[in-house]
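According to the UniProt record's numbering, the sequence shown is numbered sequentially starting from 1.
Only one structure is covered here, and it is reproduced in the block below.
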Amino acid sequence: QGWKRHGFYCYFIGNTFVSFSQANQTCGRHQAFLATVEDRYEQAYLTSLVGLRSERYFWIGLSDVEEKGTFKWTNGESVLFTHWNSEMPGRKPGCVAMRTGITGGLWDVIKCEEKAKFLCKVWAEGVTLPPVPTTTPVPRCPEGWDSNSRISFCFKPFSRGEQKKTWLESQEFCRAVGGDLASINGKEEQYVIWRSIANNGYYHQHFWMGLYYLNPDDGFVWSDGSPVRYENWGFGEPNNYQGIELCAEISGDSSMLWNDRHCDYLYGWICQIRKGASVKPEPTESPAPKYQTTEDGWIINGDKQYYFSTESVPMEKGREFCKRNFGDLAVIESESERKFLWRYILKNGKEDSYFIGLQLSVDQRTSWMDGTPVSYLAWAPHEPNFANNDENCVVMYKNLGFWNDINCGYPNPYICERHNSSINSTVPPTTFSTPRGCHPTWLSFHNKCYKIFGSAEDERVTWHAARTACMNLGGNLATIPNEQVQGTVYTFLTFHMKDFVTDTWIGLNDINHELRFLWTDGTGVYFTNWAKGFPSGHMDLYSYDGQADCVVMRNSPVKEAGKWADESCDNNRGYICQINAGTYAEFLPSTSSSPSSIIRYGNSSYMLIHTKMKWEDARKNCKRDQFDLSSILDPYSHSFLWLTILKYGVPMWIGLNSNVTNGRYEWIDNWRMKYTKWAEGEPKQKIGCVYLDVTGAWKTGSCNESYFSVCKKPDVQAPTEPPQLPGKCPETEGHKSWIPFRGHCYYVESSSTRNWAQASLECLRLGASLVSVEDSAEANFLAYTIEPLEGKTSTFWTGMYRNVDGEWLWLDNTAVNFVNWNVGEPSPQQNEHCVEMYANSGYWNNIYCSSYKGYVCKKPK
Numbered sequence: 001q002g003w004k005r006h007g008f009y010c011y012f013i014g015n016t017f018v019s020f021s022q023a024n025q026t027c028g029r030h031q032a033f034l035a036t037v038e039d040r041y042e043q044a045y046l047t048s049l050v051g052l053r054s055e056r057y058f059w060i061g062l063s064d065v066e067e068k069g070t071f072k073w074t075n076g077e078s079v080l081f082t083h084w085n086s087e088m089p090g091r092k093p094g095c096v097a098m099r100t101g102i103t104g105g106l107w108d109v110i111k112c113e114e115k116a117k118f119l120c121k122v123w124a125e126g127v128t129l130p131p132v133p134t135t136t137p138v139p140r141c142p143e144g145w146d147s148n149s150r151i152s153f154c155f156k157p158f159s160r161g162e163q164k165k166t167w168l169e170s171q172e173f174c175r176a177v178g179g180d181l182a183s184i185n186g187k188e189e190q191y192v193i194w195r196s197i198a199n200n201g202y203y204h205q206h207f208w209m210g211l212y213y214l215n216p217d218d219g220f221v222w223s224d225g226s227p228v229r230y231e232n233w234g235f236g237e238p239n240n241y242q243g244i245e246l247c248a249e250i251s252g253d254s255s256m257l258w259n260d261r262h263c264d265y266l267y268g269w270i271c272q273i274r275k276g277a278s279v280k281p282e283p284t285e286s287p288a289p290k291y292q293t294t295e296d297g298w299i300i301n302g303d304k305q306y307y308f309s310t311e312s313v314p315m316e317k318g319r320e321f322c323k324r325n326f327g328d329l330a331v332i333e334s335e336s337e338r339k340f341l342w343r344y345i346l347k348n349g350k351e352d353s354y355f356i357g358l359q360l361s362v363d364q365r366t367s368w369m370d371g372t373p374v375s376y377l378a379w380a381p382h383e384p385n386f387a388n389n390d391e392n393c394v395v396m397y398k399n400l401g402f403w404n405d406i407n408c409g410y411p412n413p414y415i416c417e418r419h420n421s422s423i424n425s426t427v428p429p430t431t432f433s434t435p436r437g438c439h440p441t442w443l444s445f446h447n448k449c450y451k452i453f454g455s456a457e458d459e460r461v462t463w464h465a466a467r468t469a470c471m472n473l474g475g476n477l478a479t480i481p482n483e484q485v486q487g488t489v490y491t492f493l494t495f496h497m498k499d500f501v502t503d504t505w506i507g508l509n510d511i512n513h514e515l516r517f518l519w520t521d522g523t524g525v526y527f528t529n530w531a532k533g534f535p536s537g538h539m540d541l542y543s544y545d546g547q548a549d550c551v552v553m554r555n556s557p558v559k560e561a562g563k564w565a566d567e568s569c570d571n572n573r574g575y576i577c578q579i580n581a582g583t584y585a586e587f588l589p590s591t592s593s594s595p596s597s598i599i600r601y602g603n604s605s606y607m608l609i610h611t612k613m614k615w616e617d618a619r620k621n622c623k624r625d626q627f628d629l630s631s632i633l634d635p636y637s638h639s640f641l642w643l644t645i646l647k648y649g650v651p652m653w654i655g656l657n658s659n660v661t662n663g664r665y666e667w668i669d670n671w672r673m674k675y676t677k678w679a680e681g682e683p684k685q686k687i688g689c690v691y692l693d694v695t696g697a698w699k700t701g702s703c704n705e706s707y708f709s710v711c712k713k714p715d716v717q718a719p720t721e722p723p724q725l726p727g728k729c730p731e732t733e734g735h736k737s738w739i740p741f742r743g744h745c746y747y748v749e750s751s752s753t754r755n756w757a758q759a760s761l762e763c764l765r766l767g768a769s770l771v772s773v774e775d776s777a778e779a780n781f782l783a784y785t786i787e788p789l790e791g792k793t794s795t796f797w798t799g800m801y802r803n804v805d806g807e808w809l810w811l812d813n814t815a816v817n818f819v820n821w822n823v824g825e826p827s828p829q830q831n832e833h834c835v836e837m838y839a840n841s842g843y844w845n846n847i848y849c850s851s852y853k854g855y856v857c858k859k860p861k
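As structure tokens, this is what we get:
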């Protein structure tokens, strides 16, 4: 009672809500089994039984509880038919229930413990069971195809270099040879395919298989019509990215994970053929469609022509090329045009993304660079995101042809476009706007205006706040595209930063891509000027919990003024703003044509001599006015003089001549040489005189050559070297060398670091003591001596310590009548009782005595 006959079977609808296992047991008590579905006719009958019922689910006998991903009937029959709902069977294991309602009859995978009614099935009484088929020999596979004794199909992967295929082309190929794209019905078949891929050496490639998404109601199906009873999707797959991934590919590694892809993607493919079937001849490969090209290599498509670059450059360089060839970066106005470009780079492109002509403004509005109205957009998911507020350019991704915003300075290949009618057309003359110049408080150079902020502490801000401030002024943080403009920023330092105590932000950063530094205004990076040890990538030596993503132009130490360092964007610093100007103007000191005109800079007066003279004559000419040929003591004065001579475009003699300083290159005005700017390969031996070249570098030249010259008269004369007192220092022994100064000898250890106590014992062992410093002359001597060793160790122990009463004392009992503390030192920090000396400046800092550092020993001659 309650059973219904259909064909050779009877069916019973369970009237209680039970779990999958309980339903299976209930059917078993009636000598029946949970319903199997052998074909679409039986499926239609079962749908008619339950499709309009009010209950949501009815159990049938399918599950993958025995082996995750492989679905089997509880009665052991082969799975010959499936009728999955959309996005089924999915990734989670479970048991299968037939739905009712709008999706009546479709199959869902649900938890086996859920409660649902069920369908039982049994052979009808009086039905004669079909005879057991006789066993026949298993046919063999064609040569080159793989299988095993338990599988009825043979498989073969195809991978032919550049000759990849779309999913549809792959299916046509497999059917032409007498088979179809591979369907994978279990792990055993998947292993056979993996073995075949490995034996052919196709590791890590991707292959089309026969799974595809016919329509949302049916979900994924196999192209040969076999049921989907096994799945092996990768994590998060299938995701139908952008709603266009309707075909499935398999990875050629041991995981053999599946992924849904756009069906036009180009891959290898895997065919299957039934055992015993004959393989038909492979179809003749039609030659790849040849694009019609112009004489200069542009691809013709309708009334447009395209150029696909192979070189990765910043956007501005790519656009320059396009415009030189009567075009511009590509404008994409329709889906068909996007697909044409995408298919070309998919098949021929070597890079992952390509610049097109779309741009985003600061308020994130889109526009085409050539002025074409924006009528079509194809952004990738979650784009544009305008990361770091500096992604103003757009690239097309190679993988699916969708678009992403990017910093314009990030090098990419590019796509140019031009119309047939534009080729060889006359380029209209450039019209110039009325020159605007720069505001009087701004500095003008190379069509840009610059202004530096941060002289007052309340003007110093974070990198992002600095950029916002510059953008509010109509500009951006300064960009330094080449060394000549770098010299201009040196001029900023010369005239505005010499007395600053802070570094200044510029527009360089790696916020979006670690250690890929880009200018925030999108200019290409063609020049860098890193200080030694930079970029570091970290906020400081001891802190690795934050990134140093923004770049400052350093102001100290003096020898590194103008060099760059990366640090935390959250530090408060000065900053340099840059805006466009409408006129070219050099920011140079005002000079007249008179050779005797005097230029004031800092604590010195300078004269530019516009008459060409030999070096000796140039010096005599300077001395007539109580000047001498100029010394260059730091980056400030160097950039000042360099930019000054740029106005004249000729080299100038400076005050270096080894012939008059005992064969050593020393300043003739007796200032100690702490800064150099030699050109590559300089100084040359036996060439005594030196000039400042228009490149900004120092070069040696024949003293008989005639050049312009620059004279200098400092307000303060060079200090005289303290006299050496009688006595000798110990002879050099091994790596130990003592340096004499006045009445003492000094030993500097930079290779083996020690804590303060160990360092003091090492000095005692040498008959010396940790160094004491008695006056500024000795401090300058020590700073000059240890500065070149900064690369080995940044600080050195001195003999100063703080006793229990809080007094600062020298270890050798010298009276403390001179100090050389760094700004803000000594700090009141407890336990910082010992004193170190900075290698880059000679200034002092108190620190924990347990720290490991270099050290300086001192002993009388």
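Every residue gets a Cβ at the ideal spot worked out from N, C-alpha and C, and that includes glycine.
Do residue j and residue i come within 8 Å of each other at the CB atom, strictly closer than that value?
| i | j | result |
| --- | --- | --- |
| Ile506 | Ile579 | no |
| Tyr691 | Tyr707 | yes |
| Leu119 | Ile13 | yes |
| Phe155 | Ile270 | yes |
| Ser709 | Leu629 | yes |
| Trp342 | Gly357 | no |
| Leu766 | Cys857 | yes |
What is the DSSP secondary structure of residue i, reduced to helix, strand or coil?
| i | result |
| --- | --- |
| Ser226 | coil |
| Thr795 | strand |
| Ser604 | strand |
| Cys577 | strand |
| Glu616 | helix |
| Phe81 | coil |
| Lys68 | coil |
| Gln205 | coil |
| Gln547 | strand |
| Met471 | helix |
| Thr431 | Any reading at Thr431 needs caution, since the residue's pLDDT is 40, under 50, leaving its predicted position unreliable; the model's value is listed next. Of the three classes helix, strand and coil, the one that applies to Thr431 here is coil, per DSSP. |
| Thr26 | helix |
Distance check for residue j and residue i, CA to CA, integer angstroms please.
| i | j | result |
| --- | --- | --- |
| Glu285 | Lys121 | 51 Å |
| Leu360 | Gly268 | 38 Å |
| Cys849 | Thr695 | 47 Å |
| Ser223 | Gly210 | 5 Å |
| Trp698 | Val558 | 19 Å |
| Asn621 | Leu643 | 23 Å |
| Trp678 | Ser827 | 40 Å |
| Arg554 | Asn571 | 14 Å |
| Gly688 | Glu733 | 34 Å |
| Val331 | Asp303 | 13 Å |
| Ile193 | Gly186 | 11 Å |
| Arg195 | Trp530 | 52 Å |
| Phe8 | Glu125 | 9 Å |
| Ala469 | Leu508 | 16 Å |
| His744 | Lys853 | 22 Å |
| Is the region 603-614 touching the region 704-719 in the sense that three or more CB pairs, one from each, lie closer than 8 Å? | yes
| request: Tell me, please, whether the region 309-319 touches the region 410-419 by the rule of three or more beta-carbon pairs shorter than 8 Å. | output: yes
| request: Evaluate the contact criterion for the region 109-126 versus the region 11-21: three or more CB pairs, one atom per stretch, below 8 Å. | output: yes
| query | What runs of the alpha helix (DSSP H), each 4 residues or longer, lie entirely inside the region 150-197? | reply | 167-176
| query | Touching or not, the region 273-282 and the region 237-247, by the rule of three or more beta carbon pairs under 8 Å? | reply | no
| message | Taking contact to mean 3 or more Cβ pairs, one atom from each stretch, closer than 8 Å, check whether the region 223-233 and the region 67-75 are in contact. | response | yes
| said: Does the region 792-811 come into contact with the region 831-841, if we say contact requires no fewer than three beta-carbon pairs (one atom in each stretch) closer than 8 Å? | reply: They touch, by the three-pair rule.
| Is it a yes or a no for the region 772-779 touching the region 809-823, going by three-plus beta-carbon pairs under 8 Å? | Contact holds: three or more Cβ-Cβ distances are below 8 Å.
| query | In chain order, which alpha helix (DSSP H) runs of at least 4 residues are fully inside the UniProt domain "C-type lectin" (601-712)? | reply | 615-623, 635-646
| said: Whether or not the region 382-389 and the region 249-263 are in contact is what I'm after, with contact meaning three or more pairs of Cβ atoms, one per stretch, closer than 8 Å; do they touch? | reply: no
| said: Which runs of the alpha helix (DSSP H) at least 4 residues long sit entirely within the UniProt domain "C-type lectin" (741-858)? Give them in chain order. | reply: 756-765, 776-786
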